[in-house]
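For reference, the structure discussed in these notes is given below.
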Amino acid sequence: MKSETAVSRDFPPKHVTSVARAAGQPGAVPAVLTRKYDVLVIGGGNAALCAAISARRSGASVLVLEAAPKFYRGGNTRHTRNMRCAHDTATEILTGPYTEDEFWEDLLRVTGGQTDEELARFMIGESKEILRWIVEQGVRWQPSLGGTLSLGRTNSFFLGGGRAMLNALYLTAESLGVEIVYEAEVVDLDIRDGMFLSATVSYDGQRHAARASSLVAAAGGFEANIEWLKQYWGEVADNILVRGTPYNRGSVLKMLLDKGVQQIGDPTQGHFVAIDARAPRFDGGIITRLDCVVFGIVVNKNAERFYDEGEDIWPKRYAIWGRLVATQPDQIAYIIFDGPSLELFMPSLYPPVKADSIRELAGKLGLDPHALETTVETFNQAVRPGTFDHTILDDCRTEGLTPPKSHWARPIRTAPFYAYPVRPGITFTYLGTRVNKEARMLMADGKPSANMFAAGEIMAGNVLGKGYAAGIGMTIGSVFGRIAGREAAKNARD
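Numbering follows our numbering, with no gaps: position 12 of the sequence shown is 14.
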């Protein structure tokens, strides 16, 4: 049996093959779509590339089908910046240990227990090895970013961000001989009795059959499919902005579920954050996220507060604010803060709304001036003195206020005053395919699939029943991508 680090020398030829649609050559059938492969990977992000590399290093011939054009390859990975992995000691870029037990406790807290404990603990254990493995695939780390993130001990940041990380994985995959076709949309799957036979691929206006001995599905969730979101959110979905790729429409997920793969996850749950309301409908990415909630108050269109802005450390709570804003009138809210807080967080793409008084600020936001003045002054009166420190659960709190602000409460009194309008921004959905520790999909009858594996967002619901902590999505993709590729290659050999 070949090891994961061995690469077969008999397939493919030594040249690198990466196929993008060629202008002026309609109807041309790429040669790579005429062969049968050991492993077919559907998707082009972190999970897909980890699977492709892992399978290739295990000796398998590998074809990757990416629905997006080459420039937009990689799904939501393009917008990421860090990964959460367990580690026993400090490193050059991590300030201290982050044990498996602590990681588990953090995951348990954010999900409220809605996770497959056995699978989650398994993932956490495997994440320790990913820190080394991902570097071997060309990815580099940098020290943690500052501000409200407080991730210097727990999360490793990609040097150059998600796109640089993604480019490194593509470079490695191509150098190993992984075949990649862009603008190749999978429109049907031939699955019989739990066994994958082929995928129908739409490429350059024609359909082709892509055949392989094993399948790895890593094509993301359905967050960019507004009509599908409306099935669960109703008209609210019209005011949800999609932070990531417009290509994650869930078509592969739907095919798998329709063809007998077992479903997991609540379709209303996902990675939701509050993002700048001025962001584009799709692909706004990380630069439209706002990390200043803990430094002020958040009000709805009626100028009323509706949740504790200081409930917990920001990386453990930032992903609840999208759902909170989605439940407010017209799915709009406003983060209000004053001058001393302006430099305490990383700025977003858009500048804050600025005014010399709360009344003037209300006017610029279209809020009732009297109502906003009352809300701010009521909050100010409830603040109790303490020692402000946004890196810990400090003692700056309110008293006698509903909802309270449990930490980091400071009066909003120093001009100029600022505000950011925010809407719910969805990153990815948690409805997905159930898998086991081999990343093998389980069928509706509970039996493992004969040759189908899944990694990344398309199976994240196994670990994330609800909630989120920074960097876990990349952990899920890397850990299960590596496993899926290895097991798919083994399955093809056997």
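Even for Gly, the Cβ is constructed at its ideal location relative to N, Cα and C.
The DSSP-derived three-state label of residue 38 is strand. Residue 85 sits in a strand when the DSSP states are folded into three classes. In the DSSP assignment, residue 479 falls within the alpha helix (DSSP H) that extends over 474–495.
A direct Cα-Cα distance of roughly 29 Å separates residue 486 from residue 146. Taking a C-beta distance under 8 Å as the contact criterion, residue 224 and residue 251 qualify as a contact pair.
Taking a 10 Å sphere around the C-beta of residue 282, we find fewer than 16 other C-beta atoms and assign the residue as exposed. The Cβ neighbour count for residue 201, taken over all protein chains shown within 10 Å, is at least 16; the residue is labelled buried. Between the C-alpha atoms of residue 387 and residue 408 there is a straight-line separation of about 12 Å. Take residue 76, set aside five residues on each side of it, and the residues of its chain with a beta-carbon closer than 6 Å to its own are 46, 47 and 168, in chain order. Beyond the five residues adjoining it in sequence on each side, residue 158 comes within less than 7 Å, by CB distance, of 84, 85, 87, 95, 96, 133 and 143 in the same chain, given in chain order. Residue 32 holds the alpha-carbon nearest to the alpha-carbon of residue 209 among 493, 420 and 32. Excluding residues up to 5 positions away in sequence, 41, 64, 487, 490 and 491 lie with their Cβ nearer than 6 Å to the Cβ of residue 57 in the same chain.
A direct Cα-to-Cα measurement between residue 59 and residue 193 gives close to 27 Å. In terms of Cβ geometry, residue 137 and residue 160 do not form a close pair [threshold 8 Å]. A direct Cα-Cα distance of roughly 26 Å separates residue 331 from residue 317.
Taking a contact to require three or more Cβ pairs closer than 8 Å, the region 115–127 and the region 179–187 do not qualify as touching.
The C-alpha of residue 112 lies about 9 Å from the C-alpha of residue 467. Relative to residue 389, the option among 382, 380, 381 and 399 whose CA is nearest is 399. If you draw a straight line from the Cα of residue 339 to the Cα of residue 265, it is about 43 Å long. Closest option to residue 197, judged by alpha-carbon separation, among 395, 215, 394 and 307: 215.
Straight across, the Cα-Cα distance linking residue 435 with residue 222 is about 11 Å. With contacts defined by Cβ atoms closer than 8 Å, residue 301 and residue 374 form a contacting pair.
Residue 105 sits in a helix when the DSSP states are folded into three classes.
For residue 68, the secondary structure class from DSSP, reduced to helix, strand or coil, is strand.
In this chain, the alpha helix (DSSP H) harbouring residue 169 covers 163–178. For residue 350, there is no enclosing beta strand (DSSP E), as DSSP gives it neither H nor E.
Under the DSSP definition of a beta bridge, residue 211 partners with 202. By the 16-neighbour rule on beta-carbons within 10 angstroms, residue 227 is buried. Less than 8 Å divides the Cβ of residue 424 from the Cβ of residue 279. Residue 156 and residue 484 have their C-alpha atoms roughly 21 Å apart. Taking all protein chains shown into account, residue 35 has 16 or more neighbouring C-beta atoms within 10 Å of its C-beta and is therefore buried. Non-local C-beta neighbours of residue 478 in its own chain, meaning closer than 6 Å and more than five positions away in sequence, comprise 462 and 465, ordered along the chain. Residue 236 carries a helical assignment under DSSP once its states are collapsed to helix, strand and coil. Within the region 215–293, the complete beta strand (DSSP E) runs of at least 3 residues fall at 272–278. Here residue 418 is not near residue 298, since their CB atoms are 8 Å or more apart.
Residue 373 carries a helical assignment under DSSP once its states are collapsed to helix, strand and coil.
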